[in-house]
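Going by numbering that gives the first Met the number 0, the sequence shown opens with residue 0, and the numbers climb by one from there. By construction, the Cβ of each residue, glycine as well, lies at the ideal position given by its N, Cα and C atoms. These notes are about the structure you will find just below.
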Amino acid sequence: MSLPELPGLVSADQLQLTASTIAEWQLPNGMIPWFPGGHSDPWNHIEAAMALAVTGNLDQAEAAYQWLIDTQHQEGPGKGGWHQYYLTDGIEDPKFDANVIAYIATGVWHHWLMTGDRGFLETLWPTVEAAITFVLQLQTPIGGIKWARQADGTAFDYALLTGSSSICHSLRCAVAVGEELGHERPGWELSLANLAHAVRTQPVGAFAPKERWAMDWYYPVLSGAFDHADGRAHLDRQADKFILAGHGVRCVSDQDWVTAAETCECAMAYQLAGDQSTALKLFTEALRLRQESGHCLTGLVQPGNISYPDQECSTYTAAAIILAADALSGSSPASALFVNHAGLPDIIETQAPVPRSD
């Protein structure tokens, strides 16, 4: 397996050191917290698992997936899902976030691309199927996915563009997992078509307004809902609003707080849209938050390069840097997953939501 590196920017040894910081903070039960003593959410837990796999830490990655198997709800209002935030000794936030739950499909497909381990794919299929079943129960008539359910099963009444965009990619991965195992799910494909249409066209009322947030800007492109040309045009329209020149991507447009994770994700969105130059520039800026120890600061406030949260290093930031390095270098068998969707099932083209028959 070829380890990720970008000569002149970051070496394979440096990325291995960064991966070791994730493995070091992983708990014996497989859970990966943001940092020691911190909470864990399944989305960032899966992000970290993918980074571990990319750097050859397969045992640790598979322990992370086993934790997801062990903690997935088997009954009740959260059947098929996970809570939003976990602590070492319990649950911090009991809601069931649809995007967090759907991301298991992306992680499982990524691990399959990395390893070709069919036994792993077969073992995780029931977990993926149950998760996607939960998520699609929250799809709106317009096509978006409602944000979450409360612990008692009550659904929130609005969808989020960032979350729905991420689910779009995860649902595509879920279809791929099913097809690989001979479990075709035409209902999922129709749901994907409706979701992609909503993400691409963003009809009035489809999503809660979050115009200040960078993820609502670049995630629709990263989702694969746009073709290259339209994706590039979409990014260009608000680049000046969200990119802080020389530093990276602002988390929110009116604050000069740059996070490495969002800068890396945005870099991959640009790579997917065919703009490798901007992708590499953003990734280079994100690397400024990587420390000699291999740990990665979550964010910096400008002016002054002030660490915020203060001196916080996080596993999900380390994972984002590793995955972006892999995506931009084309190193691993899974390197194209976020930046070249040719290996994923096609999205059915639709001009309006298509009713499902199942």
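Item                                                                                                                                                                     : Value
Can you grab the Cα-Cα spacing for the pair Arg184 / Cys167, in whole Å?                                                                                                 : 15 angstroms
Could I get the ranges of all uninterrupted alpha helix (DSSP H) runs contained in the region 249-290, with 4 residues as the minimum, in chain order?                   : 259-271 and 275-285
Go through its chain and collect everything with a Cβ distance to Phe225's Cβ below 8 angstroms, but skip five positions before and after it.                            : Arg199, Pro219, His233 and Ala272
Decide if Gly115 is buried, meaning its Cβ has at least 16 other Cβ atoms within 10 Å, or exposed.                                                                       : exposed
Is the beta carbon of Leu288 less than 8 angstroms from the beta carbon of His109?                                                                                       : no
Are three or more beta carbon pairs between the region 171-191 and the region 241-251 nearer than 8 angstroms?                                                           : no
Leaving out five residues on either side along the sequence, give the residues of the same chain with a beta carbon under 6 angstroms from the beta carbon of Phe382.    : Here the chain comprises residues numbered 0 to 357, so residue 382 is not present and cannot be evaluated.
Pick helix, strand or coil for Ala62, following the three-state DSSP scheme.                                                                                             : helix
Spatial neighbours of Thr126 within its chain, please: C-beta separation below 7 angstroms, excluding the five flanking residues on both sides.                          : Leu67, Ile68, Gln71 and Ile103
Should Lys240 be labelled buried (16 or more other beta-carbon atoms within 10 Å of its own) or exposed?                                                                 : exposed
What residue does the alpha helix (DSSP H) around Asp325 start on, and which one ends it?                                                                                : Thr314 to Ser328
Evaluate Ala228 with the Cβ neighbour count: other Cβ atoms within 10 Å of its Cβ, from every protein chain shown; 16 or more gives buried, anything less gives exposed. : exposed
Looking at the unbroken alpha helix (DSSP H) that takes in Asp235, where does it start and where does it end?                                                            : His227 to Phe241
Which residue wins for smallest C-alpha separation from Ala18, given the options Asp92, Cys295 and Ile346?                                                               : Cys295
So Ala205 and Ile141 are in contact, right, with Cβ under 8 angstroms, and what is the actual spacing, rounded?                                                          : 5 angstroms
Provide the residue span of the alpha helix (DSSP H) that contains Asp12, from first to last.                                                                            : Ala11 to Trp24
Using the beta-carbon count (16 or more within 10 Å), is Ser292 buried or exposed?                                                                                       : exposed
Tell whether a beta-carbon distance below 8 angstroms holds between Ser328 and Leu5.                                                                                     : yes
Output the distance between the C-alpha atoms of Ala130 and Thr283, rounded to the nearest integer angstrom.                                                             : 35 angstroms
Can you name, in chain order, every residue of its own chain whose Cβ lies under 7 angstroms from the Cβ of Thr277, other than the five neighbours on each side?         : Tyr269
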